[in-house]
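Chemist: Sharing a structure below in structure tokens format, with a few things to ask.
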């Protein structure tokens, strides 16, 4: 029947459907062995795939109030149309033309187009080339999910700029898997240090946070702003870049590394430790929410372990509340100076390691020569800077220009915190540890008894 229709249209043109009566149409195409019902009418409606798909905003959205943005005077309009770049002359166009004709406006508020998956040679993935000249077609998504897990595959997709064609390769997914472990380890560190933290009892207000914690909260606030803007623009590759870079540098290499001492060595109820736990608790919850659109399973798993979250509620059901925190401009300027000085100290520590003066940075006493007009500001922050540099002692001198010198710290090594102190063994009951650690151990034993 299809062959007869095609032959007749090839001979007479497609208008025969409209010009010929139904009995003649049926006579031309009716199979000789036809035993079904006879044709009695024909339809003059146009049947076209682009008409069907182009009108989907009416049939899908307009007929379903639960899919509409409320309140609305445009019940047919979608928030977003998402398809490949080949649909500019396809679905996007037919939808636009039909909606303009019917409503005088577009059927979508935004259009998002993406490229296509290509092989390592940036060519279309081809089954026909399989086995030719060493060509190996990339694995299916199921294979990658089975090997790496759904979250790593999702993170890999998010890491790519989808506006261009995306190269599928094992090597690229392996690199993203390393980034995933970085993110997961950061979550694990934060959660593992909240085991004795109750946000209702132990939270510290922002004004009372330690300088280090305020610096982190300020940096985190800027990160949140950047990530949210990237999400709003659908620039998921920037979300990936900003989160992984911040996690690798500011969060893990600096903050997490430096607050370990107060988390592990201070008294369990010290103000410093509770200050850091307050910030860790705040960040880990927000971290789960920022990651949840991409790492849907990992974020949900971590969210269940955050103290104070509603039991049974998924992170995907939680409310996102915009947050803003900024240090006072003078405080921010001071921290910029601290970080600049830190780079000089780190260089001096590395030089001291090469010369075998010290091994670990905690073995060091740093002598800093600073201009007289700046010296008092730095001296006031000695405790903060000692923690920021991760050294045991800092000494200051006034001079015409800055200089940084490193020597072996005085005293003995505390076997608990590994700092070099002059009060190690002062408390006879604890001969191998410093006074701070002795107080912490005594308090712990008293609380346990």
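Residue numbers (our numbering): 1079 to 1527. Positions of the beta carbon are idealized from the N, C-alpha and C atoms, including for glycine.
(1) Just confirm the distance between the C-beta atoms of residue 1277 and residue 1385, as a whole number of angstroms; I'd bet it's less than 8 Å.
(2) Could you spell out the range, first to last residue, of the alpha helix (DSSP H) harbouring residue 1039?
(3) Which stretch, first to last residue, makes up the beta strand (DSSP E) that contains residue 1106?
(4) Which value, in whole angstroms, describes the spacing of the CA atoms of residue 1496 and residue 1160?
(5) Within 10 angstroms of its Cβ, does residue 1358 collect 16 or more other Cβ (buried), or is it exposed?
(6) Once DSSP output is grouped into helix, strand and coil, what is the label at residue 1325?
(7) Specify whether the segment 1462-1473 and the segment 1483-1501 touch according to this definition: at least 3 beta carbon pairs, one from each stretch, less than 8 Å apart.
(8) Determine, using beta-carbon pairs with one atom in the segment 1125-1145 and one in the segment 1088-1107, whether at least three such pairs fall under 8 Å.
(9) Taking C-alpha atoms, which residue in 1271, 1367 and 1456 lies nearest to residue 1340?
(10) Comparing C-alpha positions only, which one of 1448, 1524 and 1503 sits nearest to residue 1480?
(11) In the structure shown, what three-state DSSP assignment does residue 1191 receive?
(12) Three or more beta-carbon pairs under 8 Å between the segment 1139-1159 and the segment 1181-1194, yes or no?
(13) In this structure, what does DSSP give as the bridge partners for residue 1186?
(14) State the DSSP-derived secondary structure class of residue 1094, mapped to helix, strand or coil.
(15) Expressed to the nearest angstrom, what Euclidean distance is found between the alpha-carbon atoms of residue 1171 and residue 1325?
(16) Assign residue 1390 to one of two classes, buried (16 or more other C-beta atoms within 10 Å of its C-beta) or exposed (fewer than that).
(17) Suppose the cutoff is 7 Å on Cβ atoms and the five residues either side in sequence are ignored; what does the same chain contact list for residue 1494 look like?
(18) Identify, in the order they occur along the chain, each residue of the same chain with its Cβ nearer than 7 Å to the Cβ of residue 1355, setting aside the five sequence neighbours on each side.
(19) What number of angstroms, rounded off, separates the C-alpha of residue 1434 from the C-alpha of residue 1445?
(20) Please classify residue 1082: does DSSP put it in a helix, a strand, or coil?
(21) Quick check: the Cα distance between residue 1095 and residue 1182, rounded to an integer number of angstroms?
(22) What residue ranges within the segment 1257-1335 form continuous alpha helix (DSSP H) runs of no fewer than 4 residues, ordered along the chain?
(23) Give me the residue from 1224, 1140, 1392 and 1322 with the minimum Cα distance to residue 1253.
(24) Helix, strand or coil: how does DSSP classify residue 1161 here?
(25) Are residue 1291 and residue 1223 touching if we call contact CB-CB under 9 Å?
(26) If you draw a straight line from the C-alpha of residue 1221 to the C-alpha of residue 1145, how long is it?
(27) Report yes or no: do three or more beta-carbon pairs, one from the segment 1225-1234 and one from the segment 1295-1302, lie closer than 8 Å?
(28) Does DSSP put residue 1457 in a helix, in a strand, or in coil?
(29) At which residues does the alpha helix (DSSP H) containing residue 1409 begin and terminate?
(30) Given this structure, state the Cα-to-Cα distance separating residue 1369 from residue 1195, to the nearest angstrom.
(31) I'd like to know whether the C-beta atoms of residue 1436 and residue 1427 end up nearer to each other than 9 Å.
(32) I need the straight-line Cα distance from residue 1142 to residue 1233, nearest angstrom please.
(33) Does DSSP classify residue 1128 as helix, strand or coil?
(34) Tell whether a beta-carbon distance below 9 Å holds between residue 1287 and residue 1353.
(35) Is it buried or exposed for residue 1112, if we count other Cβ within 10 angstroms and need 16 for buried?
Modeler: In terms of the structure at hand:
(1) One-based indexing of the chain shown puts residue 1277 at position 199. One-based indexing of the chain shown puts residue 1385 at position 307. Your pair residue 1277 and residue 1385 checks out as a contact, with CB atoms roughly 6 Å apart and the cut at 8 Å.
(2) What the structure shows of the chain is the stretch from 1079 to 1527, and residue 1039 is not part of that stretch, so it cannot be assessed.
(3) By 1-based counting over the chain shown, the position of residue 1106 is 28. Residue 1106 -> not in any beta strand (DSSP E); alpha helix (DSSP H) instead, spanning 1100-1107.
(4) Residue 1496 sits at position 418 when you count from the first residue of the chain shown. Residue 1160 sits at position 82 when you count from the first residue of the chain shown. Straight across, the Cα-Cα distance linking residue 1496 with residue 1160 is about 56 Å.
(5) Residue 1358 sits at position 280 when you count from the first residue of the chain shown. Buried: at least 16 other Cβ atoms inside 10 Å.
(6) If you number the chain shown from 1, residue 1325 lands on position 247. Collapsing the DSSP output to three states places residue 1325 in a helix.
(7) Contact between the segment 1462-1473 and the segment 1483-1501 is present, because at least three Cβ pairs lie under 8 Å.
(8) In this structure the segment 1125-1145 does not lie against the segment 1088-1107, because fewer than three pairs of beta carbons, one per stretch, are closer than 8 Å.
(9) Residue numbering aside, residue 1340 sits at position 262 when the chain shown is read from its first letter. Looking at the Cα atoms, 1271 is the closest of the given residues.
(10) Taking the chain shown and counting its residues from 1, the one referred to as residue 1480 is at position 402. For residue 1480, the closest C-alpha among the options 1448, 1524 and 1503 is that of 1448.
(11) In the chain shown, residue 1191 corresponds to position 113, counting from 1. Assigned with DSSP and collapsed to three states, residue 1191 falls in strand.
(12) Because the criterion of three Cβ pairs below 8 Å is met, the segment 1139-1159 and the segment 1181-1194 touch.
(13) Mapped onto the chain shown, residue 1186 falls at position 108. 1156, per the DSSP bridge assignment.
(14) For this step, residue 1094 is matched to residue 16 along the chain shown. Note: residue 1094 maps to helix in three-state DSSP.
(15) Here residue 1171 refers to the residue found at position 93 when the chain shown is read from its first residue. Here residue 1325 refers to the residue found at position 247 when the chain shown is read from its first residue. Residue 1171 and residue 1325: Cα-Cα distance of roughly 42 Å.
(16) If you number the chain shown from 1, residue 1390 lands on position 312. Exposed.
(17) Taking the chain shown and counting its residues from 1, one reaches residue 1494 at position 416. Counting only Cβ-Cβ distances below 7 Å, and skipping sequence neighbours, we find 1343, 1511 and 1515.
(18) Taking the chain shown and counting its residues from 1, the one referred to as residue 1355 is at position 277. If we look at residue 1355 and ignore the five residues flanking it on each side, its Cβ neighbours are 1271, 1272, 1275 and 1280.
(19) Translated into positions along the chain shown, residue 1434 becomes position 356. Translated into positions along the chain shown, residue 1445 becomes position 367. Here the C-alpha atom of residue 1434 lies approximately 17 Å from the C-alpha atom of residue 1445.
(20) For the purposes of this step, residue 1082 is taken as residue 4 along the chain shown, with counting starting at 1. Judged by DSSP in its simplified three-state form, residue 1082 adopts helix.
(21) As a working note, residue 1095 is residue 17 in the chain shown. As a working note, residue 1182 is residue 104 in the chain shown. About 32 Å.
(22) Whole alpha helix (DSSP H) segments, 4+ residues: 1277-1280, 1289-1310 and 1314-1324.
(23) Within the chain shown, the letter at position 175 stands for residue 1253. Residue 1322 is the option with its Cα nearest to residue 1253.
(24) Position 83 of the chain shown, counted from the start, is the residue given in the question as residue 1161. Of the three classes helix, strand and coil, the one that applies to residue 1161 here is strand, per DSSP.
(25) The sequence position of residue 1291 within the chain shown is 213, counting from 1. The sequence position of residue 1223 within the chain shown is 145, counting from 1. Here residue 1291 is not near residue 1223, since their CB atoms are 9 Å or more apart.
(26) For the purposes of this step, residue 1221 is identified with residue 143 of the chain shown, where counting begins at 1. For the purposes of this step, residue 1145 is identified with residue 67 of the chain shown, where counting begins at 1. Looking at the backbone, the Cα of residue 1221 and that of residue 1145 are separated by about 34 Å.
(27) Taking 8 Å as the limit for Cβ pairs, the verdict is that the segment 1295-1302 does not touch the segment 1225-1234.
(28) Along the chain shown, read from residue 1 onward, the residue named residue 1457 stands at position 379. In the structure shown, residue 1457 adopts helical secondary structure according to DSSP, grouped into three states.
(29) Residue 1409 sits at position 331 when you count from the first residue of the chain shown. Looking at the DSSP string, the run of the alpha helix (DSSP H) that includes residue 1409 is 1407-1432.
(30) Position 291 of the chain shown holds residue 1369. Position 117 of the chain shown holds residue 1195. Straight across, the Cα-Cα distance linking residue 1369 with residue 1195 is about 24 Å.
(31) In the chain shown, the residue the question calls residue 1436 occupies position 358. In the chain shown, the residue the question calls residue 1427 occupies position 349. Contact: yes.
(32) Locating residue 1142 in the chain shown gives position 64, where the first residue counts as 1. Locating residue 1233 in the chain shown gives position 155, where the first residue counts as 1. In a straight line, the C-alpha of residue 1142 is about 33 Å away from that of residue 1233.
(33) Indexing the chain shown from 1 puts residue 1128 at position 50. If DSSP states are grouped into helix, strand and coil, residue 1128 belongs with the helices.
(34) One-based indexing of the chain shown puts residue 1287 at position 209. One-based indexing of the chain shown puts residue 1353 at position 275. Taking 9 Å as the Cβ cut-off, residue 1287 and residue 1353 qualify as a contacting pair.
(35) Here residue 1112 is taken as the residue at index 34 of the chain shown, counted from 1. Residue environment: residue 1112 is assigned as exposed (fewer than 16 neighbouring CB atoms within 10 Å of its CB, all protein chains considered).
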